[in-house]
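3 is the number of the first residue of the sequence shown in our numbering; add one for each residue after it.
All C-beta atoms, glycine included, are put in the ideal place defined by N, C-alpha and C.
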Amino acid sequence: MQAQTFQYLIDWTAQFHAHLADCLEDGLQEQQDPRAKWLMEYLVDHERTMAREVKGFKDQADEKALKTWLYEHLTETLPPDAKERNLPFGTMGFDDISKEIFDVHNQVIEVWRSMSGKGAIPEARELSQNIFELEEHETLRLADQISSSREM
């Protein structure tokens with residue numbers, strides 16, 4: 003276990019979203035279900051946007067906040083890295099893709115919820131609270147979009 007900073011967690015989160023987008027994009031050619039393919043295309047765009055937005059927090063953050071050490075060991079807190087999951091999105095159905103996406107998003111939300119009150123300085127607490135709110139808001143928005151598409 004290695005102690006990390008908020009900057010590390012921001013980088014990890016942005017890379018997680020980017021890699022999830024890559025995994026979804028890799029499965030597009032194989033996907034035969036039109037609804038699942040639409041969902042995957044939508045999610046690729048969503049995950050790339052999330053990666054950019056999370057990186058944006060890092061670009062605008064107070065340097066002290068970025069260099070603040072985390073109190074928890076992230077190896078115990080972070081969800082499994084998407085790079086190790088090898089999810090077969092190309093052969094998964096609409097509901098299975100949705101379930102997997104919400105599972106990982108909820109895990110990322112929980113990490114940021116946990117960190118939001120634990121920064122040693124106010125700038126770090128504010129930064130983590132803002133990223134937590136972004137992750138939570140975007141996951142709720144994603145749930146609305148997916149729910150609406152199920153009804154079509």
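Does the distance from the C-beta atom of residue i to that of residue j stay below 8 Å?
i    : j    : result
L26  : V46  : yes
A122 : T70  : yes
E125 : K66  : yes
M117 : L11  : yes
S134 : I103 : Looking at the sequence provided, one finds Phe at residue 134 rather than Ser. No, Cβ-Cβ distance for F134 and I103 is not below 8 Å.
R50  : A23  : yes
H19  : L144 : no
D146 : F96  : no
Pick helix, strand or coil for residue i, following the three-state DSSP scheme.
i  : result
T7 : strand
Within the same chain, show all residues whose beta-carbon is closer than 6 Å to that of residue i, passing over the 5 residues directly before and after it, in chain order.
i    : result
Q9   : L68
L30  : M42
H107 : T141
H139 : none
S151 : none
E32  : G92
T15  : V56
Start and end of the alpha helix (DSSP H) containing residue i?
i    : result
L45  : P36 to Q62
A122 : Careful: A122 lies outside any alpha helix (DSSP H) and carries neither H nor E.
K66  : E65 to L68
What does DSSP give as the partner residues of residue i in its beta bridges?
i    : result
W14  : For W14, which the question treats as bridged, DSSP gives no partner whatsoever.
W114 : Per DSSP, none; premise fails for W114.
Apart from the five residues on each side of it in sequence, which residues of its chain come closer than 7 Å, Cβ to Cβ, to residue i?
i   : result
L89 : C25 and E102
A63 : L129
M52 : H19 and E140
Closer than 8 Å by C-beta to residue i: which residues in its own chain qualify, once you throw out the five before and the five after it? Chain order, please.
i    : result
S100 : L41 and I148
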